[in-house]
Structure formats: structure tokens, C-alpha cells
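Below: the structure, in C-alpha cells.
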Amino acid sequence: MTSSTDAMPSVDDFEAIRPYHDDEVVDTLARLVCNDEFIDTITRYRMPRLARHAPRVARVLVRHGLKRAVRNIHTVSDFQNHISHYMARMIQNTTNTFSVEGLEHLDHQKAYLFIGNHRDIALDPAFVNYALYHSGRSTVRIAIGDNLLQKPYVTDLMRLNKSFIVPRSARGKRAMLAAYQQLSNYIRHSIVSDNHSIWLAQREGRAKNGVDRTDSAIIKMLGMARRMKDKDASVSETIAELRIVPVSISYEFDPCDQQKARELKARNDGVAYEKIAYEDILSIAAGITGNKGRVKLVFGTPLDASYDSYDSAAQDIDTQVLNNYTLFPSHYLALEATGHAPELVDTRHITPADRQAFNKRLEQVAEELRPWWLCQYANPVLNRAGRKPL
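Going by full-length UniProt numbering, the letters in the sequence shown line up with residues 1 to 390, in that order.
Here you go:
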């Protein structure tokens, strides 16, 4: 039988999808500083008034400030250390609390494949990284769909931040198979050979309706690499080798909830939902800058070698994600507002301030969008109870 680490692919096989290496950081940052579109994007958020009235002045100021900020960044670690300061400021300004559980039960020396529920494009893995960073652990390599890489500067930023590319735009069965084999090989190489952790969403795209379910096809994809090297490898061996850890992230409020409600309504009405130009990039910005209330991140227990199918492994990931998901007052208040399953509405820990904050947010939602806005928050309560989602 072939050893699990024999004949691992060459790192050259991953050139098109891998994160940037340390020796690429300086040139990439220089390219970003010279990118006018990137500079203009920053000015719109950092100096919105000046960007409107004196865009050239704003661009000069931002470019000068950016040059100063990156002059001492020479490695990926330097870049992430720099980001950590902005992440800390974001947490202070846009969350009431950020808490973490379960990380203390994981071995500092081992790499894990963190598979999490997915609510925010950039922040889900960013919060995972922040928790790892502040516990003295290495940060993760982040799976990101190529559909999000609509601009060269976005690709540069993501790959600087240890993101690797998931091929969602491949066309044709043969091209898709080759792309997913490469992806599976890269993930296995990272865990088994590099001992470097990975973050991967449990399904493609965000759970816009609040229903967290693992796509078993993703788990099967993860097993491709092992099966290519050893066709007799069992599912249990393949799963155990990857050290999969389910991760649950819970937001009291989602800064993108109204945009998600519009998409949910359009699809329900049978209307083709067409994203506006660079909507995903705008969603990333909204998620970072918007109010999130309380945020809770829970790391589960690594999957062992007891699984006889990829479906059963996916089901266990679902069980852990749902059981470790934190239900905030916003979830119970949303279910209460729908009138469904009143017996599941737990108001014991809901304060008048919680209710006021929820109602204030609901008032900002257009009447026709409210059912779709509410379901995002109510469905996690129904999921936990094994009820049919709204």
C-alpha cells in the first residue's frame, strides 16, 4: 500500500492557486501602491469627503500614507502583523464583544482543516485568524472562490493574506475535475506535508437564509488527493489524516442582512438576481465596517477515523456546527416576530436594550423585505431544534 505521504505533488503544481511567498511580498506591495483603482477604493472609505471634492489630493495623501505603512513589511508574517492592528480596531469599533471557545483543546503543534459555517465573505476566516494569532498559533491558509477575484488588486491582497484560489469558474467536466483534483492536492499537501492549517467554508457561498449545511461534495473533494495516491484508502483514514475541525461563527447582527434579504426575495419571486458591479467586494467592505453586535467563535472537536462515508462525516460537521452555534437575542426576537414556533422563543435572557436594538434595526428594513430579513435570524433557532427552516 502506498504511504499517505508518498509521491506528494510538487509545490510547482500549485503555482496558479497558492498564496504568495515571502519573496513576493515587497513586489506585490509596490504593485498595490501604484494601483490607482486600489488607492481610489481606500480614499472612498478613509477620506470620503475629500475623495468627492478633491480626489487628486486624496489620492496623493493616501498613496503617501500607504507607502509609509508598508515600508517595513517584507514577509507575509509582517503583513499579517500589520493587519492585526486594523482587525483589533475593527473589533473595537463594530462589535460589542468577540469571544472564542474550544481552541484550548487543540494541539498547538498540529495543523487542522477548519471547516466553518459561512456568513461573511472576509470576516469568517478573519475572526478565525485573529483567534489563532492571539493564542500564539500560526494563521490559516484561506480558501477563496475565484469569483471574488474580480480585480487584480483584490487578488494581490487576498494572496498576500495567505488565501488560495478555489476554481468556481472552470467550465466543462474535464476542466472542473482537474481543478478540483489540484485543489484537493493542495489542501492535503498543506495539512500533511507543510503542517499548515486551512480554513474552508462548509459549502459554496454564504448561508444567506441562515441555514448552515455542509455540502458532502466538498468532503468528497477533500478525499480526491488521498484516493489518487492510494485507491484502497478508506474513508476513515482519509478523514482522520486531514484533522477536520468544525467551526461555528455567530453574529448577533449581519451588516449584509438587507442585501441578502433582497437576493432571497428575488429568488423566491422567480426573478433572476443579478449582482451589481463588484457586489461581492462591496459586501466585504460592508461586513468589515458594519455593526455586528456580539460575535462568538467556537472550535469543535476534530473528526476521527470512525466514518464509513463522506456523507456521515458531513453530517457530523453539521451536528457540531449547529450545536456550537450561539443563539443571540436577535435570533429569538426574529423568530418571535415571524409568529412561528413560539415554544422555541427563549426570552429569559433578552433585555429591554436587546429588544430596542433589534426593533431599531428592523424598522430600517423595507416592509416587503422583512420576511426574508427575519428568516436569516430565525432559522438558526429552528435548525437547532430540528425544525423545517422558513
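Each residue gets a CB set at the ideal place from its N, CA and C atoms; glycine is no exception.
The structure presented is a predicted model; accordingly, all values stated were derived computationally and were not measured.
What is the DSSP secondary structure of threonine 2, reduced to helix, strand or coil?
By one-based count along the sequence shown, residue 2 stands at place 2. Note that threonine 2 scores a pLDDT of 42, beneath 50, so its modelled location is shaky; the value from the coordinates is reported in the next line. DSSP places threonine 2 in coil when its eight states are reduced to three.
Out of curiosity, what's the CA-to-CA distance linking valine 247 and alanine 16?
Here the question's residue 247 lines up with position 247 in the sequence shown. Here the question's residue 16 lines up with position 16 in the sequence shown. Computed Cα separation, rounded: 28 Å.
Between the region 160-169 and the region 142-149, are three or more C-beta pairs nearer than 8 Å?
yes
Cα-Cα, which of Asp304, Leu264, Asp254, Thr139 is closest to serine 283?
Here residue 283 is taken as the residue at index 283 of the sequence shown, counted from 1. Selected option, being the one with the closest Cα: Asp254.
Coil, strand or helix - isoleucine 39 by DSSP:
Sequence index remark: in the sequence shown, residue 39 carries index 39 (1-based). The answer is helix: DSSP assigns isoleucine 39 an H, G or I state.
Roughly how many angstroms lie between the CA atoms of lysine 162 and proline 152, to the nearest whole one?
As a working note, residue 162 is residue 162 in the sequence shown. As a working note, residue 152 is residue 152 in the sequence shown. Taking the straight line from one Cα to the other gives about 16 Å.
Could you tell me the distance, in whole angstroms, from the CA atom of glycine 210 to the CA atom of histidine 74?
Position 210 of the sequence shown, counted from the start, is the residue given in the question as residue 210. Position 74 of the sequence shown, counted from the start, is the residue given in the question as residue 74. The alpha-carbon atoms of glycine 210 and histidine 74 are separated by roughly 40 Å.
How many Å lie between alanine 378 and leucine 335 at the Cα?
For the purposes of this step, residue 378 is identified with residue 378 of the sequence shown, where counting begins at 1. For the purposes of this step, residue 335 is identified with residue 335 of the sequence shown, where counting begins at 1. If you take the alpha carbons of alanine 378 and leucine 335, they lie about 4 Å apart.
The region 362-369 contacting the region 318-332, beta-carbon criterion three pairs below 8 Å:
no
List the residues that DSSP assigns as beta-bridge partners of proline 246.
Position 246 of the sequence shown, counted from the start, is the residue given in the question as residue 246. Per DSSP, Ile115.
Use the C-beta contact count for lysine 292: other C-beta atoms within 10 angstroms, 16 or more gives buried, fewer gives exposed.
In the sequence shown, counting from the first residue as 1, residue 292 sits at position 292. It counts as buried.
If you drop the 5 nearest sequence neighbours on each side, which residues of the same chain put their C-beta closer than 6 Å to that of tyrosine 180?
The sequence position of residue 180 within the sequence shown is 180, counting from 1. Here the set comprises Met221.
How is valine 365 classed by DSSP in three states: helix, strand or coil?
In the sequence shown, residue 365 corresponds to position 365, counting from 1. Three-state DSSP puts valine 365 in coil, outside helix and strand.
Validate contact between the region 257-264 and the region 132-144 using beta carbons, cut 8 Å, 3 pairs
no
Once you ignore the five residues that flank glutamate 372 on each side, which residues in its own chain have a CB closer than 7 Å to its CB?
Along the sequence shown, read from residue 1 onward, the residue named residue 372 stands at position 372. The question names glutamate, yet the displayed sequence has tryptophan at residue 372. Closer than 7 Å at Cβ, skipping near neighbours: Ala261, Leu264, Lys265.
Assign serine 138 to one of three DSSP states: helix, strand, or coil.
Residue numbering aside, residue 138 sits at position 138 when the sequence shown is read from its first letter. Reduced to three states, the DSSP call for serine 138 is coil.
Residue range of the beta strand (DSSP E) that leucine 200 falls in?
Counting from 1 along the sequence shown, the entry for residue 200 is found at position 200. 198-201 is the extent of the beta strand (DSSP E) around leucine 200.
Have a look at the DSSP bridge pairing and note the partners of valine 100.
Numbered from 1 along the sequence shown, position 100 holds the residue referred to as residue 100. DSSP lists Leu297 as partners of valine 100.
Counted within 10 angstroms of its Cβ, other Cβ atoms place proline 329 as buried (16 or more) or exposed
Position 329 of the sequence shown, counted from the first residue, corresponds to residue 329. So proline 329 ends up on the buried side.
In terms of DSSP beta bridges, what is phenylalanine 164 paired with?
Your numbering for residue 164 matches position 164 in the sequence shown. Looking at the DSSP assignment, phenylalanine 164 forms a beta bridge with Ala143.
Could you round the C-beta distance between valine 62 and isoleucine 39 to whole angstroms and report it? I think they count as a contact, below 8 Å.
If you number the sequence shown from 1, residue 62 lands on position 62. If you number the sequence shown from 1, residue 39 lands on position 39. Indeed, because the Cβ distance is near 5 Å, the residues count as touching under 8 Å.
Selection from Ser250, His53, Pro55, Val245 that minimises the alpha carbon distance to glycine 300
Here the question's residue 300 lines up with position 300 in the sequence shown. Considering only alpha carbons, the answer is Val245.
If arginine 59 sits next to threonine 43, beta carbons under 8 Å apart, how far is it from one beta carbon to the other, in whole angstroms?
Start at 1 with the first residue of the sequence shown, and residue 59 comes out as number 59. Start at 1 with the first residue of the sequence shown, and residue 43 comes out as number 43. About 6 Å separates the two Cβ atoms, so the contact holds.
Closest to glycine 99 by C-alpha separation, out of Leu50, Leu297, Pro48, Met87, would be which residue?
Here residue 99 is taken as the residue at index 99 of the sequence shown, counted from 1. Glycine is not the amino acid found at residue 99; the sequence shown has serine there. It is Leu297.
Taking the alpha-carbon positions, what's the histidine 118 to alanine 126 distance?
The residue given as residue 118 occupies position 118 in the sequence shown. The residue given as residue 126 occupies position 126 in the sequence shown. Those two C-alpha atoms are separated by around 12 Å.
What would DSSP say about threonine 75, mapped onto helix, strand or coil?
For the purposes of this step, residue 75 is identified with residue 75 of the sequence shown, where counting begins at 1. If DSSP states are grouped into helix, strand and coil, threonine 75 belongs with coil.
Where does threonine 2 land, buried or exposed, given buried means 16+ other C-beta within 10 angstroms?
Against the sequence shown, residue 2 aligns to sequence position 2. Low confidence applies here, because threonine 2 scores a pLDDT of 42, under 50, leaving its location unreliable; read the following figure in that light. Its Cβ having fewer than 16 others within 10 Å, threonine 2 is exposed.
Does the distance from the C-beta atom of leucine 303 to that of isoleucine 198 stay below 8 Å?
The residue you call residue 303 lines up with position 303 of the sequence shown. The residue you call residue 198 lines up with position 198 of the sequence shown. Cβ atoms of leucine 303 and isoleucine 198: not closer than 8 Å.
From Ile142, Arg213, Thr94, pick the residue whose C-alpha is nearest to that of leucine 183; which is it?
Your numbering for residue 183 matches position 183 in the sequence shown. Measuring from the Cα of leucine 183, the nearest candidate turns out to be Ile142.
I'd like the list of long-range same chain contacts for aspartate 346, defined as Cβ closer than 6 Å, with 5 residues on each side in sequence excluded.
Against the sequence shown, residue 346 aligns to sequence position 346. Tyr332, listed in sequence order.
Nearest candidate by alpha-carbon position, reference glutamate 101, set Asp257, Ile249, His340, Met228
One-based indexing of the sequence shown puts residue 101 at position 101. The shortest C-alpha separation from glutamate 101 is found at Ile249.
Whose C-alpha, out of Tyr278, Leu242, Ala51, Met90, is nearest the C-alpha of alanine 111?
Residue numbering aside, residue 111 sits at position 111 when the sequence shown is read from its first letter. Residue Leu242 is the option with its Cα nearest to alanine 111.
Taking C-beta to C-beta, are aspartate 13 and asparagine 195 nearer than 8 Å?
As a working mapping, residue 13 is identified with position 13 in the sequence shown. As a working mapping, residue 195 is identified with position 195 in the sequence shown. No, these two residues do not count as a Cβ contact at 8 Å.
Drop a sphere of 10 angstroms on the beta-carbon of arginine 52, count the other beta-carbons inside from all chains shown, and report buried for 16 or more, exposed for fewer.
Translated into the one-based positions of the sequence shown, residue 52 becomes position 52. Counting Cβ neighbours within 10 Å, arginine 52 comes out exposed, since fewer than 16 surround it.
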